[in-house]
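Same order as they appear, the protein sequences are chains V and P.
Heads up: the first sequence begins at 1 in my numbering, then just goes up one per residue.
Heads up: the second sequence begins at 1001 in my numbering, then just goes up one per residue.
Positions of the beta carbon are idealized from the N, C-alpha and C atoms, including for glycine.
All of these numbers come straight from a predicted model, not from anything done at the bench.
2 protein chains.
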Amino acid sequence: MSEQKVFQEFLAEKNLRMTYQRKTILDVFLKTKTHVSPEDLYNLVKKRDSSIGQATVYRTLKLLSEAGLASEVDFGDGVMRYEHKYGQRHHDHLVCEVCGKKVEVFDPLIEELQEKLAKKHGFILTNHKMYLYGICNKCKRLQKKTR
Amino acid sequence: MSEQKVFQEFLAEKNLRMTYQRKTILDVFLKTKTHVSPEDLYNLVKKRDSSIGQATVYRTLKLLSEAGLASEVDFGDGVMRYEHKYGQRHHDHLVCEVCGKKVEVFDPLIEELQEKLAKKHGFILTNHKMYLYGICNKCKRLQKKTR
DNA sequence: TATAAAAATGAAAATGAAAATCATTATGTT
DNA sequence: AACATAATGATTTTCATTTTCATTTTTATA
Chain V
1 MSEQKVFQEF LAEKNLRMTY QRKTILDVFL KTKTHVSPED LYNLVKKRDS SIGQATVYRT
61 LKLLSEAGLA SEVDFGDGVM RYEHKYGQRH HDHLVCEVCG KKVEVFDPLI EELQEKLAKK
121 HGFILTNHKM YLYGICNKCK RLQKKTR
Chain P
1001 MSEQKVFQEF LAEKNLRMTY QRKTILDVFL KTKTHVSPED LYNLVKKRDS SIGQATVYRT
1061 LKLLSEAGLA SEVDFGDGVM RYEHKYGQRH HDHLVCEVCG KKVEVFDPLI EELQEKLAKK
1121 HGFILTNHKM YLYGICNKCK RLQKKTR
């Protein structure tokens, strides 16, 4: 099923409307490759239709999250970012603290252990956030040179 | 070594000064039990000396973080929180999405796998954030009742 | 000990992301 | 068409955090 279709059904379910703006914002969002902030997306949307306001972009990103089409990524720099979720496998993020490079990572065993860890404390795990911070290969080499 | 001593040495190292305000703020911070926001701490500090300003509390918390005495905890609700770090074992957090209950958790195997995962991608791991979200035992039972 | 230099402080203002407000417009339903 | 409901965009507001800046405190130096 297409993302537009998923969104449509989500909206219908909630008695919300598929509007021209929402369609446009989803469309532009789907064309993005990396993690976009609401502001990033607003700037992209403006190019296509400058009459669309940034409040609507914020609102629509929230909806896309709820609909399972986008997921929030919080690298801790004070700006929320969104990435595609639909049809994407869950993954976490590995971030280089020097150059900011971001790698999507996944380890099924970690996922499993998280589940177990939660269960051990009487919790049913619904969600998690994991961010690994380090220094990437490139920056490691550069550091050696300049030292 | 006492926390005051650690702070003192950290400041000396950086050519910064141990002032009455910093001493007081550290002292009050050490008396806290859970995760405090800068505002929480500011309110506590005010009780002891109402002349200390909140900018100084913000500034000092930053320093305590750098000194390894406090660590930042970001539950994603838009407020930074700080917890004791000195002499505490590293741990992650398990949060109940219903009642907000927070449990400190630790799994050495997960830690190890995180290291490996980073290495696999050519990174040297320096740090990580892991937050597990779920529903705690209590809230689970309540949900069943009301259904 | 005086004095100069450097750092720290508190009050206030500035910042910036996100949310709320509200008058207007669009959409869907009888 | 007429009505009710929802959505929109511009703007304002909120709120945590940061910055500014004049003043005060601390430290190093003469």
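Beta-carbon neighbours of residue i, restricted to chain V and to distances below 8 Å
i                   : result
Asp-1074 of chain P : Asp-74 and Gly-76
Glu-1097 of chain P : Thr-126 and Asn-127
Asn-1137 of chain P : Gly-122 and Phe-123
Within chain V, partners of residue i - CB distance below 7 Å
i                   : result
Asp-1107 of chain P : Leu-113 and Leu-117
His-1121 of chain P : Leu-94, Val-103 and Val-105
Tyr-1133 of chain P : Thr-126, Asn-127 and His-128
Backbone CA spacing between residue i and residue j [nearest angstrom]
i                   : j                   : result
Lys-1138 of chain P : Thr-126 of chain V  : 15 Å
Lys-1046 of chain P : Gln-1021 of chain P : 11 Å
His-121 of chain V  : Arg-141 of chain V  : 42 Å
Leu-11 of chain V   : Gly-134 of chain V  : 40 Å
Leu-171 of chain V  : Thr-1034 of chain P : Given a span of 1 to 147 for chain V in the structure shown, any question on residue 171 of chain V remains unanswerable.
Thr-1056 of chain P : Gly-1068 of chain P : 18 Å
Met-1130 of chain P : Lys-101 of chain V  : 19 Å
Val-108 of chain V  : His-91 of chain V   : Looking at the sequence shown, residue 108 of chain V is not Val but Pro. So the alpha carbons of these two residues sit roughly 10 Å apart.
Leu-1132 of chain P : Leu-1117 of chain P : 19 Å
Glu-3 of chain V    : Glu-13 of chain V   : 15 Å
Tyr-86 of chain V   : Ala-70 of chain V   : 7 Å
Lys-145 of chain V  : Glu-83 of chain V   : 35 Å
Met-1001 of chain P : Leu-1044 of chain P : 25 Å
Phe-1007 of chain P : Thr-1019 of chain P : 11 Å
Cys-1099 of chain P : Gln-1143 of chain P : 12 Å
Leu-113 of chain V  : Gln-1114 of chain P : 12 Å
Glu-1104 of chain P : Glu-104 of chain V  : 26 Å
Lys-1031 of chain P : Arg-1048 of chain P : 12 Å
Arg-17 of chain V   : Glu-111 of chain V  : 36 Å
Glu-1009 of chain P : Lys-1119 of chain P : 33 Å
Leu-64 of chain V   : Asn-1015 of chain P : 50 Å
Lys-1005 of chain P : Ile-1052 of chain P : 22 Å
Asp-1074 of chain P : His-1128 of chain P : 12 Å
Glu-1072 of chain P : Phe-106 of chain V  : 25 Å
Gln-54 of chain V   : Gln-88 of chain V   : 27 Å
Ser-1050 of chain P : Ser-50 of chain V   : 50 Å
Glu-97 of chain V   : Phe-123 of chain V  : 32 Å
Glu-66 of chain V   : Cys-1136 of chain P : 22 Å
Chain P contact residues for residue i, given Cβ-Cβ distances below 7 Å
i                  : result
Lys-140 of chain V : Ile-1124
Ile-25 of chain V  : Neighbours of Ile-25 of chain V on chain P: none; closest Cβ ~23 Å, over 7 Å.
The ligand SAM heavy atom lying under 6 Å from the CB of residue i
i                   : result
Thr-1019 of chain P : Inclusion of the ligand SAM in the displayed structure is not the case, the ligand content being empty and no account of it being possible.
Could you tell me whether the segment 1057-1075 of chain P touches the segment 1006-1026 of chain P, using the rule of 3 or more Cβ pairs below 8 Å? Between the segment 1057-1075 of chain P and the segment 1006-1026 of chain P, the count of Cβ pairs shorter than 8 Å is three or higher; the stretches touch.
Anything in the segment 1051-1065 of chain P with a Cβ closer than 9 Å to a Cβ of chain V? List those residues in chain order, please. Of all residues in the segment 1051-1065 of chain P, none has a C-beta nearer than 9 Å to a C-beta of chain V.
So within the segment 1043-1130 of chain P, which uninterrupted alpha helix (DSSP H) runs reach at least 4 residues, ignoring any that extend past its ends? Here the runs fully enclosed are 1054-1066 and 1108-1120.
Is it a yes or a no for the segment 1069-1087 of chain P touching the segment 1028-1039 of chain P, going by three-plus beta-carbon pairs under 8 Å? Yes, the segment 1069-1087 of chain P touches the segment 1028-1039 of chain P.
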